[in-house]
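Under UniProt numbering, the sequence shown has 89 at position 89, and the numbering climbs by one with no breaks. Beta carbons are placed, not taken as given, at the ideal position from N, Cα and C, and that holds for glycine. Note that the coordinates shown come from a computational prediction; the quantities given were computed from them, not determined experimentally. First up is the structure itself, then whatever we jot down about it.
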Amino acid sequence: MPSLFNSCFGRKEDPQSELLSSTDGYSGSMPPAGKRKVDDVNPAKCIFCNVSRDRFNIVLEDDKYICFSDRSPAAAVHLLVIPRTHIANVQSLTSRDTQLVREMQASLKYRIAKPSSPDYYKGWSWFAEWKQTCALLDAGRKVKVSSC
Numbered sequence: 001m002p003s004l005f006n007s008c009f010g011r012k013e014d015p016q017s018e019l020l021s022s023t024d025g026y027s028g029s030m031p032p033a034g035k036r037k038v039d040d041v042n043p044a045k046c047i048f049c050n051v052s053r054d055r056f057n058i059v060l061e062d063d064k065y066i067c068f069s070d071r072s073p074a075a076a077v078h079l080l081v082i083p084r085t086h087i088a089n090v091q092s093l094t095s096r097d098t099q100l101v102r103e104m105q106a107s108l109k110y111r112i113a114k115p116s117s118p119d120y121y122k123g124w125s126w127f128a129e130w131k132q133t134c135a136l137l138d139a140g141r142k143v144k145v146s147s148c
């Protein structure tokens, strides 16, 4: 499934050149997630676009975010939270997106929390925990994704 992986989680081009080529009127600074050239994608090619109850087990949703069960859970409770605004992938996040990550964690964590599991618990994360992600973005760095 290389095309699915490339379209949703990675790309071969240099992400900086694509991000900086945006001409959305943000006077030289990178626009926020969902407003950059890198975020332009055919929704039919993104697994997380058009999430619906008939295709996903949606646990919670509001006007900004959708939370659903992972189709291949790695834990007793394995939920994914995505913004309704399309973001190409975690690698396209910048320091302007730190607030989005914090808001996702703060607004949903306690609304869906269940009693903690005695098993391993990594917490709110994708490849890097949300606090790690915010620290990287605040420092002007990028979140990197490696092969498992």
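Here's a check: name, in chain order, each residue in its chain whose Cβ is nearer than 6 Å to the Cβ of residue i, leaving out the five neighbours to either side.
i: Phe56; result: Phe68
i: His78; result: Asp70
i: Lys144; result: none
Grouping DSSP H, G and I as helix and E and B as strand, with all else coil, what is residue i?
i: Leu93; result: coil
i: Cys134; result: helix
i: Val59; result: strand
i: Val101; result: helix
i: Ser117; result: Legend: pLDDT at Ser117 = 49, less than 50; position of this residue unreliable, value from coordinates given subsequently. Coil at Ser117, not helix or strand.
i: Ala88; result: coil
i: Ala106; result: helix
Tell me, which residues are paired with residue i by DSSP?
i: Val81; result: Cys67
Answer yes or no: does any C-beta atom of chain C fall closer than 8 Å to that of residue i?
i: His86; result: Annotation note: the requested chain C is absent from the structure, which comprises a single protein chain.
Excluding the 5 residues preceding and the 5 following residue i in the sequence, name in chain order all residues of the same chain whose CB lies nearer than 7 Å to its CB.
i: Ser95; result: Leu137, Asp138 and Gly140
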